[in-house]
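Chemist: If you use full-length UniProt numbering, the sequence shown corresponds to residues 1 to 434, in order.
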Amino acid sequence: MKYQSEDKIYLIHKKTNVKKWFWISIAVIIIGLFLPWTQNIRISGNVTSLYQGQRPQQLNSPIPGKIVKWFVKNGDVVKKGDTILQISEVKDEYFDPLLVDRTEQQMSAKKGVGNYYSAKVQTTNSQLQALDNSLSLKISQLKNKISQLNNKLTAEEAEFVAVKNELRLSEDQFNRQKKMFDDGLVSLTQFQQRSASFQNTLAKETATENKIAQTRQEINNTQIDQNAAVQEYSEKISKIEGDRFQALGQIEGNSGDIAKLENQITNYKTRKGLYFIIASQDGQITQLNKAGIGEILKDGESIGMIVPTTVDYAVEFYVKPVDLPLIKEGQSVTCIFDGFPAIVFSAYPENTYGTFQGKVLVVENNISENGMFKAIIIQDKNDKKWPQKIKMGTGAQGIAILNDVPIWYEIWRNVNGFPPDYYQIKSKEGEKKK
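In structure tokens, the structure reads:
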């Protein structure tokens, strides 16, 4: 027995469209699986500058000092060369206000000493020249004397030969005279005269021999005098050369001292210019970390930052190692900057709003400390300009567009954990490269 309430509750006899809508849904899903889907990878990073000189720069104190006066405050915009801070000395060796003048006086005194030693060198050169001339003259005199003595010796030797010939003749005459005297042929007076003549010739021979010996002795003495003169002048020249080299050494040492003093003077003058810390480029002063007057700064201590006003912006994106092969130089990347609203359809980039196009400039070969690789993205000049209000350090998101594939392929790829297909860019010849 069936009750009417049971039919109303369970709707047993009521017709429904569930089956129809089920098959319609299946059909829609199947058709949707064949719709196109643009593959992409997401990367994140921050805004930076393309050039090192345009990035925020630290303001450092080049020397230790005490703060005397501030010329700027946080947020001020300065021009290159504007004074930011004045400091004073804290090291006692630089307290003397006449330090440069006194050092210049020391240098002048050193130069005077150098001039004195230069004059001494010139004097010793003159002395050496005079000694050389005197030695040459002395040697010439002694050589002339030796030449004269040799000529005298030659004459005396010739005279000695003549005397010996005369002696032989006289001896022969004496012997004949003696024989004739013994035979009674000549008188005693004649014999005595011949004997006296022979003795005179013999004495003349002896005198000539003595003269030759004396001349030879004079020649030897003159040669000894010549050697003694050379030795004497060599000692004098050596002593003067020693004084000359000593003076030259003093000149070199003095030149080194002068160079050192000149270096000190330059350092002192340069140090005076460091009492005023100036802006290295046009920019805005930020992050000043010293509060007032009288604070002590250490050598190289940071006192704040200067952010350049003229910047060629770029974006540093960090790419996972698994996605690194998909990022190529020249590849297009869609950029989204923090603070600039955007509507993003990553699968359909042509319908995206509020994004900006960039190009991959370079991908670094070494891995960063965060375990990812850095890629530098610059503005695509063929697309709209990046916002003028972006700042250094602003966060950014990037979408690297890859291939267009069916939705079913993308689902299948994700289920199996396969990487996206490589992005293909067209070359100028219209060819595709992977």
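Heads up, the beta-carbon is just placed ideally off N, CA and C, and yes, glycines get one too. Keep in mind it's a predicted model, so treat the numbers as computed, not measured.
(1) Closest to Phe317 by C-alpha separation, out of Leu167, Phe373, Asn200, Gln177, would be which residue?
(2) Report yes or no: do three or more beta-carbon pairs, one from the stretch 364–378 and one from the stretch 305–317, lie closer than 8 Å?
(3) Along the alpha helix (DSSP H) that carries Leu188, what are the first and last residues, could you check?
(4) Going by beta carbon distance, what residues of the same chain come within less than 6 Å of Lys260, once the five residues before and after it are set aside?
(5) Rounded C-beta distance between Ser61 and Glu241? I'm assuming under 8 Å.
(6) Quick one: measure Cβ to Cβ for Ala229 and Leu142, integer angstroms, because I've assumed they're closer than 8 Å.
(7) Can you list, in chain order, the stretches of the alpha helix (DSSP H) that have 4 or more residues and sit fully within the stretch 291–361?
(8) Could you please give me the residues that DSSP links to Gln412 through a beta bridge?
(9) Taking the alpha carbon of Ser136 as the point to measure from, which residue in Asn74, Asn220, Asn227, Gln105 has its own alpha carbon closest?
(10) Tell me which residues share the same chain as Val78 and place their Cβ nearer than 8 Å to its Cβ, disregarding the 5 neighbours each side in the sequence.
(11) Can you give me the Cβ contacts of Trp312 inside the same chain, cut-off strictly under 7 Å, excluding the 5 residues immediately before and after it?
(12) May I have the straight-line CA-CA distance separating Gly384 from Val322, to the nearest angstrom?
(13) Below 7 Å CB to CB, which residues in the same chain sit around Thr215 once its five sequence neighbours on both sides are set aside?
(14) Return the first residue and the last residue of the alpha helix (DSSP H) that Gly112 is part of.
(15) Let me make sure I understand the geometry here. Which of Pro56, Asn17, Ile31, Leu33 has the alpha-carbon closest to that of Gln287?
(16) Which of the three DSSP states, helix, strand or coil, is assigned to Gly393?
(17) Does DSSP put Gln57 in a helix, a strand or coil?
(18) Once DSSP output is grouped into helix, strand and coil, what is the label at Lys19?
(19) Quick check on Ala400: does DSSP put it in helix, strand or coil?
(20) Assign Val333 to buried or exposed, taking buried as 16 or more other Cβ atoms, counted over all protein chains shown, within 10 Å of its Cβ.
(21) Given a threshold of 16 other Cβ atoms within 10 Å of its Cβ, counted over all protein chains shown, does Ile367 qualify as buried or as exposed?
(22) Might you give, ordered along the chain, the residues of its own chain that have their beta carbon closer than 7 Å to the beta carbon of Asp225, omitting 5 neighbours on each side?
(23) The beta strand (DSSP E) with Gln287 in it runs from where to where?
(24) How far does the beta strand (DSSP E) with Gly65 in it reach, from first residue to last?
(25) Using a Cβ-Cβ cut-off of 7 Å (strictly less than) and excluding sequence neighbours within five positions of Ile63, which residues of its own chain qualify?
(26) Would you kindly work out how many angstroms separate the C-alpha atoms of Leu33 and Ser25, rounded to a whole number?
(27) Whole-angstrom Cβ separation of Leu167 and Glu205, contact assumed at under 8 Å?
(28) In terms of DSSP beta bridges, what is Ile377 paired with?
(29) Let me make sure I understand the geometry here. Which of Asp101, Gly112, Ala158, Trp70 has the alpha-carbon closest to that of Gln250?
(30) Tell me which residues share the same chain as Lys19 and place their Cβ nearer than 7 Å to its Cβ, disregarding the 5 neighbours each side in the sequence.
(31) Is Phe276 closer than 8 Å to Gln58 when the C-beta atoms are compared?
(32) Whose CA, out of Ile41, Asp338, Gln397, Gln231, lies closest to the CA of Leu326?
(33) Among Val47, Ala247, Arg194, Glu93, which has the Cα closest to the Cα of Gly65?
(34) Are there 16 or more other CB atoms within 10 angstroms of the CB of Met1, so buried, or fewer, so exposed?
(35) Could you give the distance in angstroms between the alpha-carbon of Phe245 and the alpha-carbon of Asn133?
Modeler: Concretely, from the data shown:
(1) Residue numbering aside, residue 317 sits at position 317 when the sequence shown is read from its first letter. Its Cα nearest to that of Phe317, the residue Phe373 stands out among Leu167, Phe373, Asn200, Gln177.
(2) Yes, they touch.
(3) Taking the sequence shown and counting its residues from 1, one reaches residue 188 at position 188. Here the alpha helix (DSSP H) through Leu188 covers 188–273.
(4) By 1-based counting over the sequence shown, the position of residue 260 is 260. The answer is none, since no qualifying residue turns up.
(5) Your numbering for residue 61 matches position 61 in the sequence shown. Your numbering for residue 241 matches position 241 in the sequence shown. About 55 Å separates the two Cβ atoms, so there is no contact after all.
(6) Position 229 of the sequence shown holds residue 229. Position 142 of the sequence shown holds residue 142. Indeed, because the Cβ distance is near 7 Å, the residues count as touching under 8 Å.
(7) Uninterrupted alpha helix (DSSP H) stretches at least 4 residues long and entirely within the stretch 291–361 do not occur.
(8) Along the sequence shown, read from residue 1 onward, the residue named residue 412 stands at position 412. The sequence given here has Trp at residue 412, not Gln. For Trp412, which the question treats as bridged, DSSP gives no partner whatsoever.
(9) Here residue 136 refers to the residue found at position 136 when the sequence shown is read from its first residue. Comparing Cα positions, the closest option is Asn227.
(10) Position 78 of the sequence shown, counting from 1, holds the residue named residue 78. Answer for Val78: Val72, Ile84, Ala279, Asp282, Gly283, Gln284, Ile285, Ile306, listed in chain order.
(11) In the sequence shown, the residue the question calls residue 312 occupies position 312. The question names Trp, but residue 312 is Asp in the sequence shown. Excluding residues within five positions, the ones whose Cβ falls inside 7 Å are Ser49, Leu50, Tyr51, Gln54.
(12) For the purposes of this step, residue 384 is identified with residue 384 of the sequence shown, where counting begins at 1. For the purposes of this step, residue 322 is identified with residue 322 of the sequence shown, where counting begins at 1. What sits at residue 384 in the sequence shown is Lys, not Gly. Taking the CA atoms as reference points, Lys384 sits about 31 Å from Val322.
(13) Taking the sequence shown and counting its residues from 1, one reaches residue 215 at position 215. The beta carbon of Thr215 sits closer than 7 Å to the beta carbons of Leu149, Lys152, Leu153, Glu156 from its chain, once the five residues preceding and following it are set aside; these are given in chain order.
(14) Locating residue 112 in the sequence shown gives position 112, counting from the first residue. Boundaries of the alpha helix (DSSP H) harbouring Gly112: 99–182, taken from the DSSP string.
(15) The residue given as residue 287 occupies position 287 in the sequence shown. Closest by alpha carbon: Pro56.
(16) One-based indexing of the sequence shown puts residue 393 at position 393. In the structure shown, Gly393 sits in coil (DSSP, three-state: anything other than H, G, I, E or B).
(17) As a position in the sequence shown, residue 57 is number 57, starting the count at 1. Strand.
(18) Mapped onto the sequence shown, residue 19 falls at position 19. Reduced to three states, the DSSP call for Lys19 is helix.
(19) On the sequence shown, position 400 is the one that residue 400 refers to. When DSSP states are grouped into helix, strand and coil, Ala400 belongs to the strand group.
(20) Taking the first residue of the sequence shown as 1, we reach residue 333 at position 333. Answer is buried; the Cβ neighbour count reaches 16.
(21) Here residue 367 refers to the residue found at position 367 when the sequence shown is read from its first residue. Exposed, because fewer than 16 other Cβ atoms sit within 10 Å of the Cβ of Ile367.
(22) The residue given as residue 225 occupies position 225 in the sequence shown. Excluding the 5 residues flanking it on each side, Asp225 has same chain C-beta neighbours closer than 7 Å at Leu142, in chain order.
(23) For the purposes of this step, residue 287 is identified with residue 287 of the sequence shown, where counting begins at 1. Neither: Gln287 is in no beta strand (DSSP E) and is coded neither H nor E.
(24) Your numbering for residue 65 matches position 65 in the sequence shown. Note, Gly65: beta strand (DSSP E), 65–70.
(25) Indexing the sequence shown from 1 puts residue 63 at position 63. Around Ile63: Arg271, Leu274, Asp299.
(26) For the purposes of this step, residue 33 is identified with residue 33 of the sequence shown, where counting begins at 1. For the purposes of this step, residue 25 is identified with residue 25 of the sequence shown, where counting begins at 1. Rounded to the nearest angstrom, the two C-alpha atoms are 12 Å apart.
(27) By 1-based counting over the sequence shown, the position of residue 167 is 167. By 1-based counting over the sequence shown, the position of residue 205 is 205. 5 Å between Cβ atoms; contact.
(28) Along the sequence shown, one-based indexing puts residue 377 at 377. Looking at the DSSP output, Ile377 shares a beta bridge with Val315, Val360.
(29) The sequence position of residue 250 within the sequence shown is 250, counting from 1. With distances taken between CA atoms, Gln250 lies nearest to Gly112 out of Asp101, Gly112, Ala158, Trp70.
(30) Here residue 19 corresponds to residue number 19 of the sequence shown, with the count starting at 1. Contacts found: none.
(31) For the purposes of this step, residue 58 is identified with residue 58 of the sequence shown, where counting begins at 1. For the purposes of this step, residue 276 is identified with residue 276 of the sequence shown, where counting begins at 1. No, the Cβ-Cβ distance between Gln58 and Phe276 is not below 8 Å.
(32) Position 326 of the sequence shown, counted from the first residue, corresponds to residue 326. Leu326 has its Cα closest to that of Ile41, out of Ile41, Asp338, Gln397, Gln231.
(33) Reading the sequence shown from its first residue, position 65 is the one you call residue 65. Out of Val47, Ala247, Arg194, Glu93, Glu93 has the C-alpha closest to the C-alpha of Gly65.
(34) Taking the sequence shown and counting its residues from 1, one reaches residue 1 at position 1. Here the model assigns Met1 a pLDDT of 46, short of 50, so the residue's position is not dependable, and the following value carries that caveat. Counting the other CB atoms within 10 Å of its CB gives Met1 a total below 16, which places it among the exposed residues.
(35) As a position in the sequence shown, residue 245 is number 245, starting the count at 1. As a position in the sequence shown, residue 133 is number 133, starting the count at 1. Answer to the nearest angstrom: the Cα atoms are 21 Å apart.
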